[in-house]
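Residue numbering for the sequence shown follows the numbering used here, beginning at 2 and increasing consecutively.
We put the CB at the ideal spot given by N, CA and C, even for glycine.
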Amino acid sequence: MKVSRLKVSRLKVSRLKVSGLKVSRLKVSRLFAKRGLLAKVAGCIENLQALTPTNLTQSVASVASVRGEEIKGGGKGQSQTTKEIPVWNDELYLEFHRGCYTTHADQKRYLRRCEGLLYQAELFAALKTIATGQAYPKTELEEAWKKVLFNQFHDILPGTSIPEVFVDANQAWQEVEEVTGEILEESLNAIASKITLPPPPKPNAQAIIVFNPLNWQRSEVIAISLPVSVFSP
Numbered sequence: 002m003k004v005s006r007l008k009v010s011r012l013k014v015s016r017l018k019v020s021g022l023k024v025s026r027l028k029v030s031r032l033f034a035k036r037g038l039l040a041k042v043a044g045c046i047e048n049l050q051a052l053t054p055t056n057l058t059q060s061v062a063s064v065a066s067v068r069g070e071e072i073k074g075g076g077k078g079q080s081q082t083t084k085e086i087p088v089w090n091d092e093l094y095l096e097f098h099r100g101c102y103t104t105h106a107d108q109k110r111y112l113r114r115c116e117g118l119l120y121q122a123e124l125f126a127a128l129k130t131i132a133t134g135q136a137y138p139k140t141e142l143e144e145a146w147k148k149v150l151f152n153q154f155h156d157i158l159p160g161t162s163i164p165e166v167f168v169d170a171n172q173a174w175q176e177v178e179e180v181t182g183e184i185l186e187e188s189l190n191a192i193a194s195k196i197t198l199p200p201p202p203k204p205n206a207q208a209i210i211v212f213n214p215l216n217w218q219r220s221e222v223i224a225i226s227l228p229v230s231v232f233s234p
């Protein structure tokens, strides 16, 4: 199939700007012809014109089909090719995804903090329900998780979104912190009310209960807020 300059000029390419220069349709066709691109364009046109419903159906039919009974039977019909299928028997955290940086460090800081708060809120809320019979805050935690998962979108954590996105993301992070903080405080107070403490060594002594959200014993420095009256003689 021959494509003349006239036919190429009929393409809806009125003007092209190449390095700031305006190139006319005639020059474009000459450029195509000089570089042998007209033959490639002609080949693509021929392939498209040759694509009829008949050979399209034949092409689709040549693809391996899977019947319903094969799926129901656990894919026994495809057992011969199973060994050829590559298998990744590990976490889907590939080496090229490790150490992903971000232009918004606050987003990763929020993510880490909110995931930790959600874990603690779920843990102690469940213990509160067991100890007191109070209702588990399922709805509140589910909504908080949805906000965290939404903010894990790949354009938010790496910091490649537009500024308005991070305004909404920061609001969502703060809402998660507020909700989980309330659930955590309520749960710890409810659990503490069920703990039987020994007699105080002094009449004005106040007990301090420390909760460890991890499943192993640990020792580290903690910070607590105390009223000024505690330090009075």
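The continuous stretches of alpha helix (DSSP H) do not include L198, and DSSP gives it neither H nor E. Where G117 is concerned, the enclosing alpha helix (DSSP H) starts and stops at A106 to T133. In this structure, L128 lies away from I223, with their beta-carbon atoms at least 8 Å apart. With a cut-off of 8 Å on Cβ pairs, the segment 153 to 162 is not in contact with the segment 216 to 232, counting fewer than three such pairs. Closest by C-alpha distance to D169, out of Y111, K139 and T181, is Y111. The segment 111 to 123 makes contact with the segment 143 to 154, as at least three CB pairs between them are under 8 Å. A straight-line Cα-Cα distance of about 27 Å links A208 and V180.
Comparing C-alpha distances from L142 to each of S233, K109 and Q121 shows the shortest one belongs to Q121. Going by DSSP, E144 is part of the alpha helix (DSSP H) stretching over K139 to F151. Cα atoms of F167 and F154: separation of roughly 12 Å, rounded to the nearest angstrom.
In the same chain as I184, and ignoring 5 residues on each side of it, the C-beta atoms closer than 6 Å to its own belong to A122, A126 and P138, in chain order. Your pair P214 and L119 does not check out as a contact, with CB atoms roughly 11 Å apart and the cut at 8 Å.
Under the three-state reduction of DSSP output, L189 falls in the helix class. For Q135, the number of other beta carbons within 10 angstroms of its own is below 16, and it is reported as exposed. Closest by C-alpha distance to T104, out of N90, S162 and N152, is S162.
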